[in-house]
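Start counting the sequence shown at 634; every next residue gets the next number (the numbering used here).
Built from N, CA and C at the ideal position, the CB exists for glycine as well.
Remarks on the structure that follows.
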Amino acid sequence: MTDGATAATPPDGDVVLRAEDLAKTFRLGFFRRRVEAVRGISFTVRRGEIFGFLGPNGAGKTTTLKMMMGLIFPSRGRAEVLGLPVGSRTAKRRLGYLPETPYFYEYLTPEEFLDFAGALSDVPNPERRHRADRLIARVGLEHARGRPLRKFSKGMLQRIGIAQALMGDPELVVLDEPMTGLDPIGRKEIRDLILELRAEGKTVFFSTHILPDVETTCDRVAIVVAGRLRNVGPLSTLLSARLLATEVVVRASPLPLPEGTRRLSGGDGALELPAGADVDGFLRAVLERGGSVVSVTPRRESLEDLFVREAGKHDREAAPA
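Right under this line is the structure:
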């Protein structure tokens with residue numbers, strides 16, 4: 634499924650990241666066995682949005698990001714960053730990138746590392762120190778500013794990695810699994826930082842397999858499973874349409890229940906009516922028998938439900954006939 638399936642194609646000026654039929658095949662082992670890691674992925678990321686690239690481990694997220702950052706060549710397809718070819722020096726100056734497994738010069742302090750990152754981003758020397766100071770505070774590392782990176786925990790290294798991605802004051806921030814290694818407080822702080830970046834007019838693209846991080850931050854998401862794009866669009870659109878069941882609490886004498894109804898643990902009158910059940914007819918029957926309706930709660934598809942459903946489609950398609 635491509636981005637065009639969910640919305641009209643945005644004007645080029647509104648697109649900061651574009652993938653068109655991206656595919657990557659590796660050859661592995663002595664017999665050079667072909668492995669298709671990415672299979673024809675197409676989508677766009679729009680200016681000023683937070684875009685989540687969601688998939689299980691091994692789905693092809695990192696391989697896709699590496700192609701879009703110009704770190705590996707695609708076997709097929711093309712990508713553009715800020716309207717420019719992947720690998721363009723001009724484009725690189727305008728984006729910040731945190732890889733899934735970043736490498737750090739462990740003998741450097743945060744200040745020294747960010748000064749080095751700023752020099753690579755052509756930040757003028759007088760500005761580098763001020764920007765490094767602000768970013769160290771912003772990612773919560775003021776207490777460790779003089780400590781060499783080799784003494785940092787995994788979560789602290791992730792924070793300094795995000796800071797280096799912001800050193801060049803980029804228009805587009807690309808983060809590969811930015812929540813890895815963070816505790817719940819650290820994850821919330823990074824989510825808040827991502828929301829702040831959007832408020833500043835920046836575009837944020839991040840990959841993850843952690844569903845709550847997507848639900849609380851993203852404007853749009855793409856779901857990739859086994860190298861294929863399974864769904865893409867605004868969260869509000871993807872999650873609002875599909876009714877899974879209706880939970881009702883009633884007070885009434887025993888009466889026939891719609892087929893597929895489950896009794897819930899909230900009491901004798903707590904029921905879950907399946908999608909497609911005649912909820913209105915059931916509630917009328919309750920009232921006609923002198924009963925009462927305490928609550929009616931539609932249960933719509935969550936991101937977890939959608940994710941499991943898309944992954945399940947792949948499992949069924951891959952199963953032998």
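Margin query: Residues in the same chain with beta-carbon distance under 8 Å from residue 923, minus the five sequence neighbours each way, listed in chain order, please.
Written below: 885, 886
Check: Does DSSP classify residue 641 as helix, strand or coil?
Finding: Because the pLDDT at residue 641 is just 45, under 50, the model does not fix this residue reliably, and the value given afterwards should be weighed accordingly. Coil at residue 641, not helix or strand.
Next item on the list: Starting from the Cα of residue 913, find the closest Cα among 898, 809, 780, 880 and give me that residue.
Entry: 880
Note to self: Quick check: the segment 701-717 against the segment 861-875, are at least 3 beta-carbon pairs closer than 8 Å?
What the structure shows: no
Checklist line | CA-to-CA distance, residue 731 to residue 888, given in whole angstroms | finding: 59 Å
Item checked: C-alpha gap between residue 659 and residue 653, whole angstroms -> 19 Å
Notebook entry, point to check: On the three-state DSSP scale, how would you describe residue 864?
Noted result: strand
Next item on the list: Would you mind listing the alpha helix (DSSP H) stretches within the segment 730-787 that are 4+ residues and don't spill past its ends, in chain order?
Entry: Runs found: 743-753, 758-771.
Item checked: Residues of its chain near residue 742, where Cβ-Cβ distance is below 8 Å and the 5 sequence neighbours each way are ignored -> 778, 779, 780, 781, 782
Notebook entry, point to check: Could you give the distance in angstroms between the alpha-carbon of residue 795 and the alpha-carbon of residue 788?
Noted result: Taking the straight line joining both Cα atoms gives about 11 Å.
Note to self: Just to confirm the assignment: which complete beta strand (DSSP E) runs, minimum length 3, are found wholly within the segment 791-820?
What the structure shows: Correct list: 805-809.
Notebook entry, point to check: Within this structure, are the beta carbons of residue 762 and residue 774 separated by less than 7 Å?
Noted result: For residue 762 and residue 774, no; Cβs fall outside 7 Å.
Check: By a C-beta neighbour count over all protein chains shown, 10 Å radius and 16 as the cutoff for buried, is residue 750 buried or exposed?
Finding: buried
Note to self: Taking the alpha-carbon of residue 811 as reference, which of 945, 772, 758 has the nearest alpha-carbon?
What the structure shows: For the residues 945, 772, 758, the minimum Cα distance to residue 811 belongs to 772.
Notebook entry, point to check: Any contact of the segment 836-846 with the segment 804-818, i.e. 3+ C-beta pairs under 8 Å?
Noted result: yes
Next item on the list: Would you kindly work out how many angstroms separate the C-alpha atoms of residue 832 and residue 818, rounded to a whole number?
Entry: 21 Å
Check: So is residue 846 buried or exposed if we call it buried at 16+ other beta carbons inside 10 Å?
Finding: Buried.
Item checked: residue 767 versus residue 668 - alpha carbon distance -> 44 Å
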